[in-house]
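Numbering-wise, the sequence shown is residues 1 to 428 according to UniProt numbering.
Ideal Cβ positions, reconstructed from N, Cα and C, are used throughout, including at glycine.
Computed from a prediction, not measured in an experiment: that's the story for all the values here.
Below you'll find the structure, written out as structure tokens, and then a few comments.
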Amino acid sequence: MAPATPSAPGADTTPSRTPYPPSARPAHPSNALAPTAPWEPWESWDDGLATPQVLEEIRRLRADDHDYADGTVFNSISSEPFEPARQVFAEHLSTNMGDHRIFPSLPRVTALVTRMLGDLLGAPDAGGVPTSGATEANLLAVLAAVRNHSGPGRPRIVLARNAHFSFEKILAMLPVEPVWIGLDDRFRADTAVFRAAVASRPALAVLTSGTSECGAVDDIGTIAPYAASLGVPVHVDGATGGFLVPFAREFGHPISGTGFEIHGVESVSVDPHKYGGAPIPSGYLLVRDAAALEPLRSPSHYQGAADHFGLLGTRPGAALLATYAVLRQQGRAGYRAAAREVFRLRSATLELLDRAGLPVAFPPDLMVVGVACPDPAAVQSEMERRGLIVSVSRRFGFVRLVIHLHQTDEQLAHLVDQLAEAVKEVSA
């Protein structure tokens, strides 16, 4: 199917701010609680409540929430955690990565998770820092570049207009000079322009494996080796692609690699709480050489306490333990099967869209499918009226569908049927 012409992505303007087998799908009710009238649980909280009353309040407060498994969520790169991650998370809520003397298991688990994630991304001996997610991991990568900078002026950071909006926050917080690069017609970084910018030897080049808006994978395999030849480190935001791209390439999908198998990639952020089946907050910063973490070292004020390398002090050991649990439970084979299944679901969705006469805005690299249609914002509103959550790329002007493991073929067929009707309704 020929893609529809997307909005011009190259405009260089400042941007605005394991598959579940049938027996293992989460057995949650399908939005069993209908929305209720506006409800205020209390006027004063001076007196406490019995636990059953509190739980009832929570139930009522969440009455309008959607469930990933109920067939209504098509906008989210996060999903329901796999088992045993949920069980492990719940059983270890008191663990704190900020105190290794009380919880000496956590540095051991950190080393094991770092080894597994490093192996997944091509460097079993990588160094690593558990984070709350890729936003924190990306900030740490830029912070390390700032602290390594020794030249005149502010360090320059080269990044494309498809970078996650967390970079806009990061660039506002740190003393850096961003160099923004436009995109090609598939919403990837313009490789030639990016290479030209790298030739000026910036402090850091940032590329993305699985952009948030479009799921695009930049041409890391071309840009990173060139950057390395000039001594420019490359950081890859692999929050979305980290658990997909290593296997997609095995399946023959023609997309660039993501990790340390590419010469010049010096750091990668990855989010096990996206396609890795871990609970939120489970992120990671990986570096090719553990010595690259030294600029991030923050000594504690307390005798015997470990130095910190991330932003957070008190932070949930439960998330790290749950990440370890799901990595061990899935193994490479489980993640390979999960990636194969989600790519199958994507192919099924593209076929359904073709049959419905709904053109895609671009050929997808990963799990974001863009649908070209008139007035995408109105279509989103109409879909929400029908009880289905999709999203719209404000900058590029298409309806954005995210394919994930919580979806079934039947749910995707219903989604496309409703989307076709919504487009017809809006266009009438």
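- Here ILE102 is exposed. Its C-beta has fewer than 16 other C-beta atoms within 10 Å.
- In the displayed model, VAL392 falls within a strand according to three-state DSSP.
- Annotation for TYR284: the continuous beta strand (DSSP E) segment containing it runs 283 to 287.
- Cβ-Cβ distances below 6 angstroms link ALA306 to HIS100 in the same chain, with the five nearest sequence neighbours on each side left out; the list follows chain order.
- DSSP places GLU83 outside both helix and strand once states are collapsed to three, so it counts as coil.
- Within the region 202 to 285, complete beta strand (DSSP E) segments of at least 3 residues are found at 204 to 208, 234 to 237, 265 to 270, given in chain order.
- PRO81 places its beta carbon 8 angstroms or farther from that of GLY397.
- A check of alpha carbon separations from MET367 across SER381, ALA348, TYR226 identifies ALA348 as the nearest.
- Rounded to the nearest angstrom, the gap between the Cα atoms of ALA163 and MET383 is 27 angstroms.
- According to the DSSP secondary-structure assignment, THR131 is paired through a beta bridge with GLY283.
- The shortest CA-to-CA distance from THR208 to any of ALA199, ALA196, PRO202, GLY221 is the one to GLY221.
- The way I'd put it, the region 331 to 341 does touch the region 239 to 250; three or more beta-carbon pairs between them come closer than 8 angstroms.
- Sixteen is the threshold: when 16 or more other Cβ atoms of the shown chains lie within 10 Å of the Cβ of VAL342, as they do, the residue is buried.
- Per DSSP, the continuous beta strand (DSSP E) segment holding PRO178 begins and ends at 177 to 181.
- By alpha-carbon distance to GLY153, the top candidate from ARG186, ALA126, PRO202 is PRO202.
- The continuous beta strand (DSSP E) containing LEU401 extends over residues 398 to 402.
- Of all alpha-carbon atoms in GLU410, GLU56, VAL379, VAL392, the one lying nearest the alpha-carbon of LEU419 is that of VAL379.
- Rounded to whole angstroms, the separation of the alpha carbons of ALA50 and TRP42 is 14 angstroms.
- Fewer than three Cβ pairs drawn from the region 284 to 303 and the region 61 to 80 lie within less than 8 angstroms of each other, which leaves the two stretches out of contact.
- Of the candidates ASP417, LEU401, ARG288, GLU351, LEU401 places its Cα closest to the Cα of GLY215.
- When the five nearest sequence neighbours on each side are left out, the beta carbons in the same chain lying within less than 7 angstroms of the beta carbon of ALA248 are those of ILE255, ALA339, PHE343, in order along the chain.
- Within the region 83 to 116, the complete alpha helix (DSSP H) segments of 4 residues or longer fall at 85 to 91, listed in chain order.
- Between ALA356 and SER267, the beta carbon gap of about 42 angstroms keeps them out of contact (Cβ cut-off 8 angstroms).
- Its Cα nearest to that of SER79, the residue HIS66 stands out among VAL88, HIS66, GLN87, ALA90.
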